DNA sequence: TCATTAATGCTCAGAACGAGCATATCGAGG
DNA sequence: CCTCGATATGCTCGTTCTGAGCATTAATGA
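Okay, here's the thing in structure tokens:
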């Protein structure tokens, strides 16, 4: 069972989905004009994977990473083909950071993640493109299935992932939706499908899939772990906090319920100061109670979803 | 940013946490007299990681893997030290299988996972060892802290992870508990801590930690995904299903509420037959409605926890 | 027949949640 | 000064979810 045959040589690379929220937009760090996620070799020196990622990101972007979480590991044939098809193990991470700075070094830049997944942004209601473009094409793809059984299954999947009819929209299924589009040949990344004019920028290799994985993970996580605060400045108003959550979830929340939930969980405390920026009545400023991270490793910053504002 | 420096050679290994439930006991596949999880090299051939794992497990154990999910990837110095400290990337997986068979090949054997984590089994109430052995030692460790602040933080962590006093027991924190014991030097795996007589079998390297990760993941998962069924035979009674969930969660459930939940979710359908084995009134047999996996990728087989039977 | 073991049906109270109404406070513009 | 626009904040209501317990039914075996 423990076969200690020396396996063929591999190399490992780290791929990062770095997220920030600025001005109510969820941003992701990209390179090469937005066509790639930042990635680097695993510096075998003596660091762990995570430390290696941290060091490398901080060196590149110039500011510290808050929360870091492993996303997924996969192994493909080496894409750079520098060798004779050496295997590369890609280990992807999700990282949250407080501010989208100028992004130090080279050609790195922050982009709204809805640039890559415009259909995921429901903050202004259901995006028209779903009903007008995506759904028809997906149905056409389903209709083109070989057998009736396969056709039914495809339709089912379209219904479940893209909702719209009887099934409600589920903001967590980012990856499933992307994979469905991929399978249906509706994204340029799919082999033999030269970009069928669907809105949304694509990426090279499978980087858009990795981004989808990161978004999905983050959207799921904010519901039961207080990770949003990793993306907030030191002090903030409850509305800013709500806007950040909404940006990530791609959905608007019911303001009063959001507040009820936040303070029923003792997640924040008043700083005593007020913010007097935006038109209306000044809002109290809050800060995250770091304590809760120790008090309960569970926490749970669930977010109350609503249909409209 | 995309530095294409050929990284030093590595090797990759797959480590599996294979779980089955037999006779109401959660079992995990081990080798070497229970001291290791099964692991194998990543066959670089042309398979993906997951396919590689599947093939290798099925070849070794002789029966198919149901559900497979990646756990975690980490990189340590090569433990086997076959080379000059070549790095090894360990990719761990959680796999669910239907029956704990004789476990084909070599010295593989199934063991109850509570053999390694006896304090995690609360089906007969709070294990006495927690109050009598674990808690006192952890408190002693906390008391030995350098500064008062550190001491308070340690006590806090003990309270949160092991519950008992005001904080209720949380069955998901398997990993946190193990790591706490590790940090406190109460498990033989910790360097310089030659087994301080705590109950629970240990494993070599970090395999017990990996097992803890797998258990934690599975305990969390059964609450929102219908994965229990991967562990059940074709048809089963509701009580058998409940016992399986209880075995995994390490907690007893309220029978009526469990049933209410199960059928409110349309997870199962009657086969029409009855089971007439155990003493009492014969129970209806059910089977899992495979349909739900397509109907809603969400599903959610939450489990209602209760204090007692 | 009766004790035992389960399966099953039903109720109830409290918590959680979605949704909406109403009021309070600010700045800016007439 | 007063009103409007914009936001903060307080409170209520009905529904659903959930934990917990009571009661009844249906089989087996001594």
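Chains as they are written, first to last, in the working numbering: chain A, 1 to 309; chain B, 1 to 309.
No residue lacks a Cβ here, since even glycine has one placed at the ideal position from N, Cα and C.
Just so it is clear, the structure is predicted and the values come from calculations on it, not from any experiment.
For residue i, go through chain B and note every residue whose CB falls closer than 9 angstroms to its CB, in chain order.
i: residue 48(A); result: 74, 75 and 76
i: residue 229(A); result: Near residue 229(A) there are no residues of chain B at all, since even the closest Cβ is about 19 angstroms away, more than 9 angstroms.
Determine which residues share a DSSP beta bridge with residue i and list them.
i: residue 11(A); result: 88(A)
i: residue 240(B); result: Paired residue(s): none; residue 240(B) is not in a bridge.
i: residue 269(A); result: 287(A)
i: residue 19(A); result: 28(A) and 96(A)
i: residue 167(A); result: According to DSSP, residue 167(A) bridges with nothing at all.
i: residue 109(A); result: 30(A)
i: residue 41(B); result: 13(B)
i: residue 70(B); result: 93(B)
i: residue 75(A); result: 89(A)
i: residue 200(B); result: BP columns for residue 200(B) are empty, so no partner.
i: residue 275(B); result: 283(B)
i: residue 54(B); result: In DSSP, residue 54(B) forms no bridge with anything.
i: residue 123(B); result: 125(B)
i: residue 36(A); result: 31(A)
In chain A, which residues lie with their C-beta within 8 angstroms of the C-beta of residue i?
i: residue 295(B); result: 156 and 160
i: residue 153(B); result: 294
i: residue 236(B); result: Those do not exist, as residue 236(B) stays about 26 angstroms from chain A at its closest Cβ, beyond 8 angstroms.
Could you list which residues in chain A have their beta carbon closer than 7 angstroms to that of residue i, in chain order?
i: residue 70(B); result: 72 and 73
i: residue 258(B); result: Those within 7 angstroms of residue 258(B) in chain A number zero; the least Cβ separation is about 22 angstroms.
Which residues in chain B sit within 7 angstroms of residue i, going by Cβ to Cβ distance?
i: residue 312(A); result: This structure cannot settle anything about residue 312(A), because the visible part of chain A is limited to 1 through 309.
i: residue 117(A); result: Those do not exist, as residue 117(A) stays about 17 angstroms from chain B at its closest Cβ, beyond 7 angstroms.
Just checking my contact of residue i with residue j at CB under 8 angstroms: how many whole Å lie between their CB atoms?
i: residue 29(B); j: residue 15(B); result: Their Cβ separation, rounded to whole angstroms, is 11 angstroms, which puts residue 29(B) and residue 15(B) out of contact at 8 angstroms.
i: residue 156(A); j: residue 294(B); result: 5 angstroms
i: residue 139(A); j: residue 158(A); result: 7 angstroms
i: residue 268(B); j: residue 244(B); result: Their Cβ separation, rounded to whole angstroms, is 13 angstroms, which puts residue 268(B) and residue 244(B) out of contact at 8 angstroms.
i: residue 135(B); j: residue 162(B); result: 6 angstroms
i: residue 248(B); j: residue 26(B); result: 6 angstroms
i: residue 98(B); j: residue 231(B); result: 7 angstroms
i: residue 96(A); j: residue 66(A); result: 5 angstroms
i: residue 35(A); j: residue 204(A); result: 5 angstroms
i: residue 40(A); j: residue 13(A); result: 7 angstroms
i: residue 130(B); j: residue 113(B); result: Contact flag wrong, Cβ pair sits at about 17 angstroms.
i: residue 137(A); j: residue 184(A); result: 7 angstroms
How would you list, in chain order, the residues of chain B whose beta-carbon sits under 8 angstroms from the beta-carbon of residue i?
i: residue 182(A); result: Chain B residues near residue 182(A): none, gap ~16 angstroms exceeds 8 angstroms.
Whose Cβ in chain A lies nearer than 9 angstroms to the Cβ of residue i?
i: residue 286(B); result: Ordered by position in chain A, no residue passes the 9 angstroms Cβ test against residue 286(B), which lies about 23 angstroms from the chain.
Which complete alpha helix (DSSP H) runs does the region 134-158 of chain B hold, if anything under 4 residues is left out?
As summarised for the region 134-158 of chain B, the continuous alpha helix (DSSP H) elements at least 4 residues long and confined to that stretch are 135-143, given in chain order.
Counting Cβ pairs, one atom from each stretch, are 3 or more of them under 8 angstroms apart for the region 279-286 of chain B and the region 230-240 of chain B?
yes
With a threshold of 8 angstroms, are at least 3 pairs of Cβ atoms found where one atom belongs to the region 201-220 of chain B and the other to the region 47-54 of chain B?
Below 8 angstroms, too few C-beta pairs join the region 201-220 of chain B and the region 47-54 of chain B to call them touching: fewer than three.
Check whether the region 157-172 of chain B touches the region 210-230 of chain B, taking contact to mean three or more Cβ pairs, one atom from each stretch, closer than 8 angstroms.
yes
Between the region 250-260 of chain B and the region 117-135 of chain B, can you find at least three pairs of beta-carbon atoms closer than 8 angstroms?
Under the 8 angstroms Cβ criterion, the region 117-135 of chain B counts as touching the region 250-260 of chain B, having at least three qualifying pairs.
Identify every run of the beta strand (DSSP E) within the region 206-256 of chain A, keeping only runs that are complete inside it and at least 3 residues long; order them along the chain.
none
Taking 8 angstroms as the threshold, find out whether the region 60-77 of chain B comes into contact with the region 87-101 of chain B through three or more Cβ pairs.
yes
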